[in-house]
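Working notes, beginning with the structure itself.
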Amino acid sequence: MKRDLPTYYGQPALKPSPYKFLVALYVVVGGLSGAAQVIAAFTRDRTLARNGRWMAAAGGAVVGPALLVLDLHTPRRWYNMLRIFRRTSPMSIGTYILSAFGGASVAALTPLRPLAQPAAAFSALGMTAYTAPLLSATATPLWAATPRALGVQFAGSSFATAAAALSLVERREHPALASIACTATVATLAATAAAGASRKRQDVSGPRGRWGLLYKAGLALSLALPLACYASGRSSRLAAAGILAGTLLSRWALFQAGNESAKQPQEHLRFSSHGR
Amino acid sequence: MKHATKIEPGQRYGFFTDTTLCIGCKACEVACKEWNVLPAERLGLTGMSYDNTGALSATTWRHVRFVENMGAGGERPHEMPPFQSHWLMMSDVCKHCANAPCLEACPTGALFRTEFDTVVVQQDICNGCGYCVPSCPFGVVDLSKVDGKAHKCTLCYDRMKGDLEPACAKACPTESIQFGTLEELHARAGRRVEALHAQGRPEAYLYGVPGSTGGELGGLNAFFLLTERPEVYNLPEKPTRGADRVRPGLMAGLATAVGLAAAAAWFLQEGE
């Protein structure tokens, strides 16, 4: 039973973020490109390595930055992101991670590869990790309540989506990619369960309403379906498609459900009544 | 408040908003709109108390809240206490926090701390990323759909540079809004709480002074004297600092990424 706090006529006590589908798509694309670069760096299969490098460069240097610039409300000033570095701001940290990753990933397509690829794979770890604190450092109750679990969820699904996307463009079945996707999905599932438990302890609601349903549908597609496929040992393409579609759906729903939670004063006031 | 001394760079300035003195005239809202040339947002009634302003926004930087205390179960009480009847009025504003989460979130440096220790958005730098909007634990900062930049109270930065107190404090007819250095305001607010306690109002307390309720974030340069629990005014009891959540989230994500990268390396070497 949730504690009932007084509010000011139920009026919102917070402003919702302006982030919707574009940024949710960026989070998926950014994480996917990062993990694709890591896979490319470790494989001995030349086709797989080339696909991974191209995927990383396309996501990290073209699609990702384009999505972020498009989402600005004054896009012609995008370069002001590079004016300062602020370690308290995941958006500022992310700006430099994305710049390093995008640059190194493009360089890894040129003869500079021996130097550039390790740098790209290293900054790729940041790409899979920084977008969760981007959400949880805001005051939005749904995102702020579980910073650690969200970090594991986002990094986990980055590896799952990268392995899934790479296996879809490969001609032959790749058991290693299926193993990576399966391991990452198990980690994401564990973190998702941990997030639910942690929200319950803190008296904060999970995704609710229409977006809550979409969130659960996304989880079913991206976690339950692939794990069932891998357990039965067939149809790894279906599993890969489920991971990609489901992750995008659950990410988008998490953004929208967070924006809704910011408009619920009870959520914010309850979350802010614990000492931390 | 007629401030006698000069407004000097290097001093910490702020507002002390004493809600027991507020009469809900909204002169602060009007003075703010006039001085800062902010357009009216909507005309008409919200149908919710006397609050027809609704909320702080990109073009509303003072907002008077009207709380009607109806007694238990929404039942109209038959006796009125001889003090402020049943209305609580509170002129809300940007808190200019000491550790301002909006400023800590801003990736462009558009949000900065001025020489008067206030927090201001530089309009020629803001690129409208909107990250300050969900970062504010008080729901103050807002993006303008008109110009695509973030806007909020500047504590009348321009007026202070010209040695004038902020427009809202100047216009307040009951001195519910007082402007001054934090040192002076904290002392004055402390005396006011003691006086109210002596007058039989033991529920009066300060919100947003370091060490008091709402004193997280290093204290608020715009702090309040309240007579009900903070939630009644939609204020968080313990506002949280988003920057505290960056490290745990980032570390958990990086640890996961390193672990999965190691697993990937193992699978990829095994598989071929």
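Protein sequence lines, in the order shown, are assigned to chains A and B. So in the numbering used here, spot 249 of the first sequence is number 249, and the numbers just go up one at a time. Each number in the numbering used here comes from the position in the second sequence (counting from 1) with 276 added on. Ideal Cβ placement from N, Cα and C applies to all residues, glycine included.
Against residue i, what residues of chain A qualify as contacts under a CB-to-CB distance less than 7 Å, listed in chain order?
{"i": "residue 519 of chain B", "result": "88 and 137"}
{"i": "residue 343 of chain B", "result": "8"}
{"i": "residue 486 of chain B", "result": "Residues of chain A passing the Cβ test: none, with the nearest at roughly 15 Å."}
{"i": "residue 324 of chain B", "result": "9"}
For residue i, which residues in chain B fall below 7 Å Cβ to Cβ?
{"i": "residue 129 of chain A", "result": "526, 529, 530 and 533"}
{"i": "residue 78 of chain A", "result": "403"}
{"i": "residue 244 of chain A", "result": "In chain order: nothing, as chain B lies at least about 17 Å away."}
{"i": "residue 183 of chain A", "result": "536 and 539"}
If I follow the unbroken beta strand (DSSP E) through residue i, where does it start and stop?
{"i": "residue 517 of chain B", "result": "Note, residue 517 of chain B: premise wrong, no beta strand (DSSP E); not H, not E."}
{"i": "residue 454 of chain B", "result": "453–457"}
{"i": "residue 129 of chain A", "result": "From DSSP, residue 129 of chain A is part of no beta strand (DSSP E) but of the alpha helix (DSSP H) over 113–129."}
{"i": "residue 389 of chain B", "result": "387–389"}
{"i": "residue 500 of chain B", "result": "498–502"}
{"i": "residue 269 of chain A", "result": "Run containing residue 269 of chain A: none in the beta strand (DSSP E); it sits in the alpha helix (DSSP H), 265–271."}
{"i": "residue 483 of chain B", "result": "481–483"}
Taking C-beta to C-beta, are residue i and residue j nearer than 8 Å?
{"i": "residue 528 of chain B", "j": "residue 152 of chain A", "result": "yes"}
{"i": "residue 371 of chain B", "j": "residue 342 of chain B", "result": "no"}
{"i": "residue 101 of chain A", "j": "residue 536 of chain B", "result": "no"}
{"i": "residue 305 of chain B", "j": "residue 338 of chain B", "result": "yes"}
{"i": "residue 162 of chain A", "j": "residue 249 of chain A", "result": "no"}
{"i": "residue 481 of chain B", "j": "residue 469 of chain B", "result": "yes"}
{"i": "residue 378 of chain B", "j": "residue 387 of chain B", "result": "yes"}
{"i": "residue 530 of chain B", "j": "residue 227 of chain A", "result": "no"}
{"i": "residue 521 of chain B", "j": "residue 207 of chain A", "result": "no"}
{"i": "residue 90 of chain A", "j": "residue 130 of chain A", "result": "yes"}
{"i": "residue 138 of chain A", "j": "residue 420 of chain B", "result": "no"}
{"i": "residue 188 of chain A", "j": "residue 157 of chain A", "result": "yes"}
{"i": "residue 24 of chain A", "j": "residue 255 of chain A", "result": "yes"}
{"i": "residue 431 of chain B", "j": "residue 394 of chain B", "result": "yes"}
{"i": "residue 498 of chain B", "j": "residue 290 of chain B", "result": "yes"}
{"i": "residue 212 of chain A", "j": "residue 144 of chain A", "result": "no"}
{"i": "residue 540 of chain B", "j": "residue 243 of chain A", "result": "no"}
{"i": "residue 215 of chain A", "j": "residue 253 of chain A", "result": "yes"}
{"i": "residue 84 of chain A", "j": "residue 404 of chain B", "result": "no"}
{"i": "residue 479 of chain B", "j": "residue 515 of chain B", "result": "no"}
{"i": "residue 409 of chain B", "j": "residue 367 of chain B", "result": "no"}
{"i": "residue 53 of chain A", "j": "residue 37 of chain A", "result": "yes"}
{"i": "residue 406 of chain B", "j": "residue 426 of chain B", "result": "yes"}
{"i": "residue 511 of chain B", "j": "residue 133 of chain A", "result": "no"}
{"i": "residue 63 of chain A", "j": "residue 29 of chain A", "result": "yes"}
Residues of chain A with a CB under 9 Å from the CB of residue i: which are they?
{"i": "residue 419 of chain B", "result": "15, 18 and 73"}
{"i": "residue 615 of chain B", "result": "Residue 615 of chain B lies beyond the residue range present for chain B, which begins at 277 and ends at 548; the question has no answer from this structure."}
{"i": "residue 377 of chain B", "result": "88, 137, 138 and 139"}
{"i": "residue 369 of chain B", "result": "Those within 9 Å of residue 369 of chain B in chain A number zero; the least Cβ separation is about 15 Å."}
{"i": "residue 505 of chain B", "result": "5 and 6"}
Closer than 9 Å by beta-carbon distance: list the chain B residues that pair up with residue i, in chain order.
{"i": "residue 152 of chain A", "result": "528, 529, 531 and 532"}
{"i": "residue 180 of chain A", "result": "536, 539, 540, 543 and 544"}
Could you check where the alpha helix (DSSP H) with residue i kicks off and where it finishes?
{"i": "residue 367 of chain B", "result": "From DSSP, residue 367 of chain B is part of no alpha helix (DSSP H) but of the beta strand (DSSP E) over 363–369."}
{"i": "residue 283 of chain B", "result": "No alpha helix (DSSP H) holds residue 283 of chain B; DSSP gives it neither H nor E."}
{"i": "residue 344 of chain B", "result": "Not the alpha helix (DSSP H): residue 344 of chain B falls in the beta strand (DSSP E), residues 338–344."}
{"i": "residue 254 of chain A", "result": "236–262"}
{"i": "residue 220 of chain A", "result": "Careful: residue 220 of chain A lies outside any alpha helix (DSSP H) and carries neither H nor E."}
{"i": "residue 189 of chain A", "result": "175–201"}
{"i": "residue 307 of chain B", "result": "303–312"}
{"i": "residue 508 of chain B", "result": "From DSSP, residue 508 of chain B is part of no alpha helix (DSSP H); its letter is neither H nor E."}
{"i": "residue 169 of chain A", "result": "147–169"}
{"i": "residue 142 of chain A", "result": "141–144"}
{"i": "residue 379 of chain B", "result": "377–381"}
So which residues on chain B does residue i lean against when the C-beta distance must stay under 8 Å?
{"i": "residue 171 of chain A", "result": "Those do not exist, as residue 171 of chain A stays about 15 Å from chain B at its closest Cβ, beyond 8 Å."}
{"i": "residue 95 of chain A", "result": "383"}
{"i": "residue 83 of chain A", "result": "384, 385 and 401"}
Closer than 8 Å by beta-carbon distance: list the chain A residues that pair up with residue i, in chain order.
{"i": "residue 331 of chain B", "result": "11 and 12"}
Runs of alpha helix (DSSP H) wholly within the segment 408–449 of chain B (minimum 4 residues, chain order): Segments of the alpha helix (DSSP H) lying fully in the segment 408–449 of chain B: 408–411, 433–437 and 443–447.
Contact list for the segment 402–417 of chain B against chain A, Cβ threshold 9 Å: Per Cβ criterion, the list reads 402, 403, 404, 405, 406, 407, 409, 410, 411, 412, 413, 414, 415, 416 and 417.
Proximal residues, the segment 20–47 of chain A versus chain B, C-beta separation under 9 Å: If the cut-off is 9 Å between Cβ atoms, the segment 20–47 of chain A has 34, 35, 38, 39, 41, 42, 43, 44 and 45 near chain B.
Proximal residues, the segment 299–319 of chain B versus chain A, C-beta separation under 9 Å: Listed in sequence order: no entries.
Runs of beta strand (DSSP E) lying entirely within the segment 24–111 of chain A, each at least 3 residues, in chain order: None, since the segment 24–111 of chain A contains no complete beta strand (DSSP E) of that length.
Residues in the segment 187–207 of chain A having any Cβ partner in chain B nearer than 7 Å: Taking 7 Å as the Cβ-Cβ cut-off, the segment 187–207 of chain A approaches chain B at 187, given in chain order.
Residues of the segment 421–432 of chain B with Cβ closer than 9 Å to any Cβ of chain A, in chain order: Within the segment 421–432 of chain B, the qualifying residues are 421, 423, 424, 425 and 426.
Contact residues within the segment 448–479 of chain B, judged by C-beta distance below 7 Å to chain A: Per Cβ criterion, the list is empty.
Near-chain B residues of the segment 253–269 of chain A - C-beta to any C-beta below 7 Å: Residues of the segment 253–269 of chain A with a Cβ closer than 7 Å to any Cβ of chain B, in chain order: 262, 265, 268 and 269.
Near-chain B residues of the segment 142–168 of chain A - C-beta to any C-beta below 7 Å: Flagged, chain order: 144, 147, 148, 150, 151, 152, 154, 155, 156 and 159.
Contact residues within the segment 104–134 of chain A, judged by C-beta distance below 7 Å to chain B: Under the 7 Å Cβ criterion, the segment 104–134 of chain A contributes 125, 128, 129, 130, 132 and 133.
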